[in-house]
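Engineer: Under my numbering, the first residue of the sequence shown is numbered 1, with each subsequent residue one higher. Structure below; questions to follow.
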Amino acid sequence: MSGQFGFMSKIGATDAAVATLNDQPYLFTILVVVLVAVILQIVLIWYVHYATMKPEQKKKKEPKDKKKAGGKPPAAR
């Protein structure tokens, strides 16, 4: 199937789906807009969740130069 959306058949779209997209290209535009809107909404929800966490809920960063007692890994003891 050729046309503007012929590449869709290579990624698994049926001939009927490609024919529909070639006939009504605004459906593809709507699909892309909806996917972008959903991704932006997920990012916004994550940011609100992260920004409103209490300080004790946030993971503390431990300094990397802190050494454990003993000095040797367990296998070398």
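Where a beta carbon is used, it is the ideal one built from N, C-alpha and C, also for glycine.
1. Pull up the distance between the alpha-carbon of residue 29 and that of residue 64, whole angstroms please.
2. In three-state DSSP terms, what is residue 73?
3. Please identify the residue among 7, 36 and 11 whose C-alpha is closest to the C-alpha of residue 22.
4. Which runs of the alpha helix (DSSP H) fall wholly inside the segment 12–74 and span at least 4 residues, in chain order?
Structural biologist: Looking at the atomic coordinates:
1. The straight-line gap from Cα to Cα measures roughly 48 Å.
2. Judged by DSSP in its simplified three-state form, residue 73 adopts coil rather than helix or strand.
3. In terms of CA proximity to residue 22, 7 leads the group 7, 36 and 11.
4. You should have 15–23 and 26–51.
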